[in-house]
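When you line the sequence shown up against this note's numbering, it's residues 22 to 200, in that order.
Everything below concerns the one structure shown next.
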Amino acid sequence: DEMCHMLADSHFPDVLHAGDLYRGEWREWNLPDARVLSGGPECTPHSKAGKQGGAADERSSQVADMAELAVFFDVDIVLIENVPQLLECNQVMDDADRRFQTLGYERVCTELVHHPHQGGDTLRIRTLLWYEKVCRTRGLPPPSIPKLAKSSKGLLSHLLPLNQVPDSAWLHGEYLHTA
């Protein structure tokens with residue numbers, strides 16, 4: 022998503038974007054010190070806003086395919102963010118867990134994260150899947166995600182000023198008012 026990339030670049034100029042996971046440009050990155058991989062695979066196969074094709078949608082494999090990235094970068098922790106409906110797709114979750122386990126990782130935590138409880142200003146609920154390398158986590162207690170104080174800044178504090186919104190982000194057209 023180009024607009025997400027532009028927003029991330031404006032706050033984190035050195036961030037790397039994988040873009041399309043399957044183009045594989047990430048294979049050219051040299052990240053020897055990477056310990057954590059985080060990502061938000063396509064949510065439309067699961068989201069109420071999408072077609073809800075679940076495992077029948079080819080994009081639903083992206084959750085499991087992140088295991089390949091974890092091995093490639095030799096990270097210890099993988100954090101995956103998605104919509105809550107992902108957890109209802111048993112085949113997708115089973116495929117992801119099986120792929121991660123085959124490659125030496127296990128899911129150690131599954132949380133429904135309420136955005137307002139994490140300092141956010143929307144009412145969104147997200148699923149967070151946490152996988153860790155088995156050799157690093159044996160015998161450790163499962164992790165948990167602490168709740169933070171509610172933000173008092175409001176949603177507007179997260180938006181760019183209008184003069185900083187790139188022209189490509191604007192939806193041009195006519196406003197039609199019907200009585």
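We put the CB at the ideal spot given by N, CA and C, even for glycine.
Quick caveat: nothing in here was measured; it's all calculated off a predicted structure.
Each of His38, Val57, Gly45 was checked against the Cα of Asp95, and the nearest Cα belongs to Val57. Collapsing the DSSP output to three states places Glu127 in a strand.
As a beta-bridge residue in DSSP terms, His135 pairs with Ile146.
Under the Cβ criterion (8 Å, minimum of three pairs), the stretch 49–66 counts as touching the stretch 102–118.
In the structure shown, Leu58 falls within a strand segment according to DSSP collapsed to helix, strand and coil.
If you draw a straight line from the Cα of Pro53 to the Cα of Leu90, it is about 13 Å long. Taking a cut-off of 8 Å on C-beta distances, the stretch 148–155 touches the stretch 126–133, as three or more cross pairs fall below it. Thr123 sits exposed, since fewer than 16 C-beta atoms from the chains shown fall within 10 Å of its C-beta. The C-beta distance from Glu102 to Leu149 rounds to 6 Å, short enough to meet the 8 Å contact threshold. Nearest in C-alpha terms to Arg119, of all of Val84, Ile98, Glu132, is Val84.
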